[in-house]
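Colleague: Numbering (my numbering), first residue to last: 495 to 934.
Cβ coordinates follow ideal geometry from the N, Cα and C atoms, glycine included.
Keep in mind it's a predicted model, so treat the numbers as computed, not measured.
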Amino acid sequence: MYAAMVFATITAVVGSQATESRVFPYPYREVVLPNGLQVILIPMPSGGLVSMYTIVRTGSRDEVEPGKSGFAHFFEHMMFRGTKKYPQNEYNRLMTSIGAKANAFTTDDLTAYHQTFAAEDLELVMELESDRFQNLQYSVQAFQTEAGAVYGEYRKSVTQPFFLLLEKLKDTAYDRHTYKHTTMGFEADIKAMPQAYDFSLEFFRRYYRPDNTALLIVGDIDADATLKLVQKYYGQWQRGYTPPQVPVEPPQQAERTAEVSYAGKTLPILAIAYKGDAFDPANRQYVAALLLEELAFGTASPLYRKLVIQEQKVELLWANVPINRDPPLYTIVAMVKRAEDVSYVRDEIYHTLEQLQREPPDQTQLRDVKRRWRYSFLMELDAPDKTAAALARIIAVGGGMDALEKLFAAVDNVTAADVSSAAAKYFTPRRRTVVVLKGQ
């Protein structure tokens, strides 16, 4: 009787959510199980392929305990260690036998586990995934072995100049918030991970709960039959998530600067970052900043043409205004060809931002950027795995498909004056952190 009552609840929620989207081209169904598990089903033509993303709304942002930075990324590794029913070798054997492509990634705001496979294997994959999310099991020895592998991954990462730059930039820009460290964490914390076995068990119990998770299934599926499978394999998963108390970053009062010495050969890299706002489609200045990213620094921008094409002083130029749960860094990065030109490139970037503060962008240019912004998103939706990947972050941060629709509606309404307002609000010296990396 309980199962029948639960499924009745599901179908009622489905009925209220099954509406056509204005931007997203495929129909979808979005439901929430009684245990809090969010389920998003997207049937789409895919030649018999399905992609399944299990999105845990926990990333390096949630590492609030001192000495435990990098643990969300480390725990991603532990999730592949198996269960009593399906030990690691058996899990790998079964995935290989059906030709499934399986992997995972961790970011600041989420951890995602994903598989792409033939539609006829959906139930097997769902059984395997639901089992490890509810019954993960590993020994102290396995835990310590994986900790050594993660430290090896960190030591490999610090040989890359862009990783070193990002590590220094975040550490310099933040004082209290957990965005202060990279997803991999502080090196001292990574070294100490082998002693954190008991903490790892608590981490699993605390964060790997249905009410902190979204299940996204895209491809050649029947929505009704898939919902029944979800209830069968995930319906008994017990809720119990409590959000961590993430420290609030105090307002930055003055520009910060730092330098990084890279032991190898590299062109100088300049990073200029500004404290921004968290994802919010209702915040016109935030949405305008998303467009400013390409308006000011995209490949069709005047600055790109000047620095990269005409003067050839810059090898790479790009900017990023991210989708984050808390205020992130809006970052501009330039790889400069000669060390003596770093100051010149820096000042040209400042000048571009100051000009946008004084003069709104050309209406035609703004319209074209809006079109490219939409087009680039839609072009990623031609296969189940690419569609799921394009949606994972906005589902994790924004809460669901509705956030996507609100965002694109807000982008359509951005005016040239909004762009100037965003430039004036965010891109000011008080909010700025500048880091330069130089090689040997």
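Just how far apart, CA to CA, sit Q746 and T707?
Modeller: 33 Å
Colleague: Specify whether the stretch 680 to 699 and the stretch 522 to 534 touch according to this definition: at least 3 beta carbon pairs, one from each stretch, less than 8 Å apart.
Modeller: Counting C-beta pairs closer than 8 Å gives fewer than three between the stretch 680 to 699 and the stretch 522 to 534, which falls short of the contact rule.
Colleague: Considering only the beta carbon of each residue, do A828 and L810 sit closer than 8 Å?
Modeller: yes
Colleague: Where does G646 sit, in a helix, a strand or coil, going by DSSP?
Modeller: helix
Colleague: On the three-pair Cβ rule with 8 Å, is the stretch 548 to 558 touching the stretch 700 to 714?
Modeller: yes
Colleague: Below 7 Å CB to CB, which residues in the same chain sit around K674 once its five sequence neighbours on both sides are set aside?
Modeller: The residues are K664, D665, Y668.
Colleague: What are the start and end residues of the alpha helix (DSSP H) that includes T605?
Modeller: Segment 605 to 612 is the beta strand (DSSP E) holding T605; no alpha helix (DSSP H) there.
Colleague: Which of the three DSSP states, helix, strand or coil, is assigned to F680?
Modeller: coil
Colleague: For a test of the three-state rule: what should DSSP assign to I826, helix, strand or coil?
Modeller: Looking at I826 - three-state DSSP - the assignment turns out to be strand.
Colleague: Report the residue from S540, E842, T858, P816 whose alpha carbon sits nearest the alpha carbon of A612.
Modeller: S540
Colleague: Strictly under 8 Å for the Cβ-Cβ distance: is S914 near chain C by that measure?
Modeller: Of the chains in the structure shown, none is chain C; there is only one protein chain.
Colleague: Can you pull the DSSP bridge partners for I534?
Modeller: E524, L710
Colleague: S755 by DSSP, collapsed to three states: which one?
Modeller: strand
Colleague: Whose C-beta lies closer than 6 Å to the C-beta of P688 among residues of the same chain, with five residues either side of it excluded?
Modeller: Within the same chain, P688 has close Cβ partners Q638, A641.
Colleague: Span of the alpha helix (DSSP H) holding K674?
Modeller: Unbroken run through K674: none, as it is neither H nor E.
Colleague: So, helix, strand or coil for G729, using DSSP?
Modeller: coil
Colleague: Taking 8 Å as the cut-off, decide whether the C-beta atoms of Q851 and A918 are in contact.
Modeller: yes
Colleague: Between E621 and A911, what straight-line distance do the alpha-carbon atoms span, to the nearest angstrom?
Modeller: Per the coordinates, the alpha-carbon of E621 lies some 52 Å from the alpha-carbon of A911.
Colleague: Looking at F574: is its Cβ nearer than 8 Å to the Cβ of Q582?
Modeller: yes
Colleague: Classify Y632 as helix, strand or coil using the three-state DSSP reduction.
Modeller: coil
Colleague: Alpha helix (DSSP H) containing F569: first to last residue?
Modeller: 565 to 572
Colleague: By DSSP, does R479 sit in helix, in strand, or in coil?
Modeller: The requested residue 479 does not occur in the structure, where the chain is confined to residues 495 to 934.
Colleague: So, do the stretch 754 to 768 and the stretch 713 to 729 have three or more beta carbon pairs nearer to each other than 8 Å?
Modeller: no
Colleague: With distances taken between CB atoms, is the gap from Y607 to A594 smaller than 8 Å?
Modeller: no
Colleague: Between the Cα of D835 and the Cα atoms of F698, G542, W812, E805, which residue gives the shortest distance?
Modeller: E805
Colleague: From T503 to R887, what distance separates their C-alpha atoms?
Modeller: For T503, the predicted model reports a pLDDT of 36, less than 50, meaning its position is unreliable; a value from the coordinates is still stated below. Computed Cα separation, rounded: 27 Å.
Colleague: According to DSSP, is K919 helix, strand or coil?
Modeller: helix
Colleague: In angstroms, rounded to a whole number, what distance separates the CA positions of R840 and E661?
Modeller: 20 Å
Colleague: T590 to V928, Cα distance in whole Å?
Modeller: 46 Å
Colleague: Leaving aside the five residues before and after A904 along the sequence, list all residues of the same chain whose C-beta is less than 8 Å from its C-beta, in chain order.
Modeller: P775, A776, R778, V781
Colleague: Where does the unbroken beta strand (DSSP E) through F599 begin, and where does it stop?
Modeller: 595 to 600
Colleague: Between K800 and K831, how many whole angstroms is the CB-CB distance? I'm expecting something under 8 Å.
Modeller: Taking C-beta atoms under 8 Å as the contact rule, K800 and K831 fail to qualify, at a distance of about 14 Å.
Colleague: Give the C-beta separation of S545 and T610 to the nearest angstrom, bearing in mind that I take them to be a contact with Cβ-Cβ under 8 Å.
Modeller: Contact flag correct, Cβ pair sits at about 5 Å.
Colleague: Is the distance from the Cβ of V930 to the Cβ of N818 below 8 Å?
Modeller: no
Colleague: Count the other C-beta atoms from every protein chain shown that fall within 10 angstroms of the C-beta of L876, then say buried if there are 16 or more, exposed otherwise.
Modeller: The sequence given here places Asp at residue 876; Leu does not occur at that position. Exposed is the call here.
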